[in-house]
Amino acid sequence: MKMWSGRFKDATDSAADAFNSSLGFDKRLYKHDITGSVAHCTMLGECGIITKSEAEAIIACLNTICDDITSEKLEIQNAEDIHMFVEEELTKRIGTIGKKLHTARSRNDQVALDIRLYLRDTVDEINLLLKELILTLCEMAEENLETIIPAYTHMQKAQPTTLAHHFIAYCEMFLRDCDRLRDCRARINVMPLGSSALTGTTYPINRARVAELLGFDDVTKNSMDGVSDRDFAVEFLSACALIMTHLSRFNEEIIYWASDEFGYISLDDRFSTGSSIMPQKKNPDMSELIRGKTGRCYGNLISLLTTMKGLPLAYNKDMQEDKEVLFDTEDTVKSCLSIFTAMLPTLKYNKEKLYAGASGGYTVATDCADYLAKKGMPFRQAHEVIGSLVLYCTENGKKLDELSVEEYKKFSELFETDILTAVKLENVIKNRNLVGGPAPKTVLAEIKNIRKILAKKFPQE
Ligand code: ARG
């Protein structure tokens with residue numbers, strides 16, 4: 211019999227029952243649901259809304275239910291949702307007293323609480339995975355402070371930089387992801403219980419106490435908003451979508467760097483796959499899957515935004531649709547971060563090819579122009595001169611760092627022998643020692659800074 215069946219004459223159609231049920235996916239919330247119920251019940255007892263011994267009995271039973279689910283003694287089944295399941299099990303075990311748990315509460319504020327408790331943990335777990343990834347990148351960067359690579363704009367060789375500089379560019383993105391998740395956590399960490407169905411309750415409850423018991427920073431300030439706000443869930447999905455954007459960009463690069471045409475990376479056997487027909491193949495499936503899964507995370511964000519956009523106050527059943535997208539994004543982001551962090555250190559970067567790549571494509575042309583500008587020629591004019599120098603090189607099959615001083619001088623009298631050192635890749639990089647630049651010393655300082663930031667963000671370790 212349904213807990214709400216009093217005003218019904220007929221039983222629910224079985225297809226409608228199945229359609230209505232969220233148990234198949236919200237069973238994932240059981241621990242958080244029980245944690246919330248224990249806090250609510252503690253408060254009910256403290257406020258004298260139920261007796262102390264009733265509260266104790268309910269809490270003890272809730273805890274055994276939780277243990278039984280975890281140890282798989284008790285299977286979650288045959289209920290409308292996880293909230294009903296736990297309550298039904300409670301009354302099965304301790305009878306009428308169990309029916310007092312739902313005093314001064316509705317499933318509307320209960321589910322809002324559960325999702326907030328759940329997402330709070332999820333955010334912390336994803337942040338730890340981001341931390342691991344950033345640390346891995348820092349280590350790889352430290353080993354490649356002087357590994358010269360070509361850097362691109364428009365997918366055309368632009369200027370030389372180092373692999374370390376390239377790696378810590380991604381560290382910056384992932385650090386912002388940590389910040390975004392923390393920022394969103396602050397809005398998750400507000401306690402909605404007490405909103406009840408939508409207009410609160412007449413019982414003398416103590417909301418602040420429940421918040422304190424559960425480690426929330428504050429309580430929600432409007433009961434209608436308290437039950438129908440899912441902004442925090444949208445923010446979570448949005449922060450995760452951006453994590454996926456960053457992963458996807460990185461993996462896109464890995465995919466074509468590992469191609470025969472580039473040959474900058476060779477993939478490790480443990481993280482690549484073969485073809486069922488072409489014996490020679492070694493495919494970057496991990497990277498492609500991460501890139502591909504980015505789409506579903508974007509979809510989850512748009513899905514929840516669209517679910518919410520037409521909902522009048524307050525709770526509407528549409529909101530039950532929030533859970534699958536949240537769980538799917540959680541699973542996707544966690545698995546992508548884990549596999550990527552495991553795969554990264556196994557990639558072999560081909561240093562010779564990267565160096566050769568950086569020395570081709572006239573990547574030191576900007577430095578040639580800067581050389582002239584520093585000797586007094588207006589930059590626009592210097593740009594023009596070097597443009598014709600590049601044209602000369604393309605027509606004669608030469609590289610800028612292979613030209614003799616005499617050849618340089620044909621284009622400007624300002625060129626002297628020191629142009630030969632100025633266009634050396636190592637010097638081009640070393641001289642970019644401003645904050646944010648690729649000079650090995652600068653990058654090393656930045657890596658130290660990133661490690662410091664991480665230690666501050668994750669003080670427990
Ligand atoms: N399973 C529901 C959900 O996920 C719980 C809240 C149900 N509330 C209600 N009034 N039917 O949203």
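Each residue of the sequence shown is one higher than the one before, counting from 211 in our numbering.
No residue lacks a Cβ here, since even glycine has one placed at the ideal position from N, Cα and C.
When you compare only the Cα positions, how much space is there between residue i and residue j?
{"i": "Asp227", "j": "Lys212", "result": "11 Å"}
{"i": "Asp495", "j": "Thr483", "result": "6 Å"}
{"i": "Leu536", "j": "Leu447", "result": "7 Å"}
{"i": "Leu499", "j": "Asp538", "result": "15 Å"}
{"i": "Glu605", "j": "Glu612", "result": "14 Å"}
{"i": "Asp319", "j": "Leu523", "result": "14 Å"}
{"i": "Ser231", "j": "Thr301", "result": "20 Å"}
{"i": "Pro669", "j": "Asn288", "result": "44 Å"}
{"i": "Ala575", "j": "Ala368", "result": "9 Å"}
{"i": "Cys381", "j": "Ile344", "result": "5 Å"}
{"i": "Leu644", "j": "Leu582", "result": "20 Å"}
{"i": "Asp331", "j": "Lys341", "result": "15 Å"}
{"i": "Lys609", "j": "Val615", "result": "13 Å"}
{"i": "Thr627", "j": "Tyr618", "result": "9 Å"}
{"i": "Ser548", "j": "Gly646", "result": "28 Å"}
{"i": "Asp441", "j": "Leu347", "result": "32 Å"}
{"i": "Leu521", "j": "Lys667", "result": "37 Å"}
{"i": "Lys558", "j": "Ile358", "result": "15 Å"}
Is it the case that the CB of residue i approaches a heavy atom of the ligand ARG more closely than 8 Å?
{"i": "Val444", "result": "no"}
{"i": "Ser316", "result": "yes"}
{"i": "Met434", "result": "no"}
{"i": "Leu645", "result": "The question names Leu, but residue 645 is Val in the sequence shown. Not under cutoff, so the answer is no."}
{"i": "Lys527", "result": "yes"}
{"i": "Ala228", "result": "no"}
{"i": "Ser232", "result": "yes"}
{"i": "Asp179", "result": "Only positions 211 to 671 of the chain appear in this structure, which leaves residue 179 out of reach."}
{"i": "Ala407", "result": "yes"}
{"i": "Gln320", "result": "yes"}
{"i": "Glu290", "result": "yes"}
{"i": "His293", "result": "yes"}
{"i": "Asp236", "result": "yes"}
With distances taken between CB atoms, is the gap from residue i to residue j smaller than 9 Å?
{"i": "Val437", "j": "Cys394", "result": "no"}
{"i": "Ala552", "j": "Phe472", "result": "no"}
{"i": "Ile453", "j": "Ser497", "result": "no"}
{"i": "Gly571", "j": "Gln366", "result": "yes"}
{"i": "Arg737", "j": "Asn461", "result": "This structure leaves residue 737 out entirely; the chain is present only between 211 and 671."}
{"i": "Pro555", "j": "His375", "result": "no"}
{"i": "Leu254", "j": "Leu323", "result": "no"}
{"i": "Phe621", "j": "Tyr602", "result": "yes"}
{"i": "Thr372", "j": "Glu352", "result": "no"}
{"i": "Asp532", "j": "Ala665", "result": "no"}
{"i": "Thr252", "j": "Leu403", "result": "no"}
{"i": "His456", "j": "Phe384", "result": "yes"}
{"i": "Cys276", "j": "Ile304", "result": "no"}
{"i": "Tyr508", "j": "Ala451", "result": "yes"}
{"i": "Ile475", "j": "Asn560", "result": "yes"}
Is it buried or exposed for residue i, if we count other Cβ within 10 angstroms and need 16 for buried?
{"i": "Asn354", "result": "buried"}
{"i": "Trp467", "result": "buried"}
{"i": "Ser433", "result": "buried"}
{"i": "Thr280", "result": "exposed"}
{"i": "Val633", "result": "buried"}
{"i": "Pro370", "result": "buried"}
{"i": "Arg326", "result": "buried"}
{"i": "Arg590", "result": "exposed"}
{"i": "Asn399", "result": "buried"}
{"i": "Gly503", "result": "The residue you asked about is not Gly; residue 503 is Lys in the sequence shown. Its Cβ being crowded by 16 or more others within 10 Å, Lys503 is buried."}
{"i": "Glu540", "result": "buried"}
{"i": "Asn198", "result": "Shown here, the chain extends from 211 to 671; a query on residue 198 therefore has no answer."}
{"i": "Met488", "result": "exposed"}
{"i": "Thr517", "result": "buried"}
{"i": "Ile512", "result": "exposed"}
{"i": "Gly567", "result": "buried"}
{"i": "Asp470", "result": "exposed"}
{"i": "Pro360", "result": "buried"}
{"i": "Gly216", "result": "exposed"}
(message) Restricting to runs no shorter than 4 residues, where is the alpha helix (DSSP H) found entirely within the stretch 288 to 353?
(response) 292 to 304, 317 to 352
(message) At 4 residues or longer, what runs of the alpha helix (DSSP H) sit wholly inside the stretch 362 to 405?
(response) 373 to 398
(message) For a minimum of 4 consecutive residues, which ranges assigned as the alpha helix (DSSP H) are wholly contained in the stretch 626 to 665?
(response) 629 to 632, 635 to 640
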